[in-house]
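Peer 1:
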Amino acid sequence: MKYIFISGTPASGKSYLANKIANHLGVQHVSTDDWREEMRKNPELKKWVDFFWDQDEAEYWRITNCDQQWENLKNQSEALWPTILAKVKEIQKPGKGAIFEGVNILPHLARIDLDFEGIILLGESFKKILDRNKKDPRWGKTEELQIQEAKVFWGCERPKYKQEAEKYGYKVFSDAGQAEAELLKLLSK
Numbered sequence: 112m113k114y115i116f117i118s119g120t121p122a123s124g125k126s127y128l129a130n131k132i133a134n135h136l137g138v139q140h141v142s143t144d145d146w147r148e149e150m151r152k153n154p155e156l157k158k159w160v161d162f163f164w165d166q167d168e169a170e171y172w173r174i175t176n177c178d179q180q181w182e183n184l185k186n187q188s189e190a191l192w193p194t195i196l197a198k199v200k201e202i203q204k205p206g207k208g209a210i211f212e213g214v215n216i217l218p219h220l221a222r223i224d225l226d227f228e229g230i231i232l233l234g235e236s237f238k239k240i241l242d243r244n245k246k247d248p249r250w251g252k253t254e255e256l257q258i259q260e261a262k263v264f265w266g267c268e269r270p271k272y273k274q275e276a277e278k279y280g281y282k283v284f285s286d287a288g289q290a291e292a293e294l295l296k297l298l299s300k
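Numbering of the sequence shown is given in this note's numbering, commencing with residue 112 and proceeding in unit increments.
#1: At 3 residues or longer, what runs of the beta strand (DSSP E) sit wholly inside the stretch 212 to 245?
#2: With 16 as the cutoff for other CB atoms within 10 Å, does P193 come out buried or exposed?
#3: Suppose you measure from the CA of R243 to the CA of S299; what does that come to, to the nearest Å?
#4: Which residues share a DSSP beta bridge with Q139?
#5: Assuming L256 and A169 make a contact with CB atoms under 8 Å, what is their CB distance in whole Å?
#6: Roughly how many whole angstroms lie between the Cα atoms of G280 and D161?
#7: Taking Cβ positions, are L233 and F284 nearer each other than 8 Å?
#8: Check this for me: beta carbons of A129 and I240, under 8 Å apart or not?
#9: Starting from S299, trace the beta strand (DSSP E) in both directions and tell me its first and last residue.
#10: For W250 and I195, what's the separation of their Cα atoms in angstroms?
#11: On a Cα-Cα basis, can you pick out the residue from V141, W172, K113 and I202 that is closest to V214?
#12: Would I231 pass as a contact of G119 if the rule is Cβ separation under 8 Å?
#13: Does the Cβ-Cβ distance between E260 and L220 come in under 8 Å?
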């Protein structure tokens, strides 16, 4: 059976799309977010699991520019990657299909270590990202902070994911329907 991954900005619809396809095909949907609690127990990883939550969010957004934000996300992803990769390999052992998704599956890491393809989902619009952020808050507990997060997801992380995806040969999608069609195509190969 095939494996595939979905990466991209927070609140872009990765989990929804992975769950939809997994249910349709009868394969496992695996969110790297589900491993955070276990990784938090490792003293070496706890710093990175909690990196953003350990910050005063309002202050963080005040002093952190886009390049610094992307560097922080890259550093977090690279620190968590050996554990994520080991868990992916463990899930692959039985040979049953799975769809992996999460923000920490960065294209440069996936291209080196994963033996299956994936896509990058960027979100359809600022408004949809903000609406998802309000419905299921990532970090910000106030509307003002949720708006700031959505601005960063849309205006900073989105172009960074796109640039890295294109550099490493992954297709990028804003439209979930087009992303779904591509994922089904990749899974049928």
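Backbone N, C-alpha and C fix where the C-beta goes; we use that ideal spot for every residue, glycine too.
Peer 2: In short, the structure shows the following:
#1: 229 to 232
#2: For the purposes of this step, residue 193 is identified with residue 82 of the sequence shown, where counting begins at 1. Exposed is the call here.
#3: The count along the sequence shown starts at 1 and reaches residue 243 at position 132. The count along the sequence shown starts at 1 and reaches residue 299 at position 188. Going by the C-alpha atoms only, they are around 30 Å apart.
#4: Position 28 of the sequence shown, counted from the start, is the residue given in the question as residue 139. BP columns for Q139 point to A209.
#5: The residue given as residue 256 occupies position 145 in the sequence shown. The residue given as residue 169 occupies position 58 in the sequence shown. Indeed, because the Cβ distance is near 7 Å, the residues count as touching under 8 Å.
#6: To locate residue 280, count along the sequence shown from 1; it is residue 169. To locate residue 161, count along the sequence shown from 1; it is residue 50. Near 30 Å, if we compare the C-alpha coordinates of D161 and G280.
#7: As a position in the sequence shown, residue 233 is number 122, starting the count at 1. As a position in the sequence shown, residue 284 is number 173, starting the count at 1. Judged by beta-carbon spacing, F284 lies within the 8 Å limit of L233, meaning their Cβ atoms are closer than that value.
#8: Within the sequence shown, the letter at position 18 stands for residue 129. Within the sequence shown, the letter at position 129 stands for residue 240. Cβ atoms of A129 and I240: not closer than 8 Å.
#9: Stepping through the sequence shown from its first residue, residue 299 is reached at position 188. No beta strand (DSSP E) holds S299; the alpha helix (DSSP H) holding it covers A287 to S299.
#10: The residue you call residue 250 lines up with position 139 of the sequence shown. The residue you call residue 195 lines up with position 84 of the sequence shown. Distance between the alpha carbons of W250 and I195: 22 Å.
#11: The residue you call residue 214 lines up with position 103 of the sequence shown. Of V141, W172, K113 and I202, the residue nearest in Cα terms is V141.
#12: Position 120 of the sequence shown, counting from 1, holds the residue named residue 231. Position 8 of the sequence shown, counting from 1, holds the residue named residue 119. Contact: yes.
#13: Here residue 260 corresponds to residue number 149 of the sequence shown, with the count starting at 1. Here residue 220 corresponds to residue number 109 of the sequence shown, with the count starting at 1. Cβ distance not < 8 Å, so E260 and L220 don't count as in contact.
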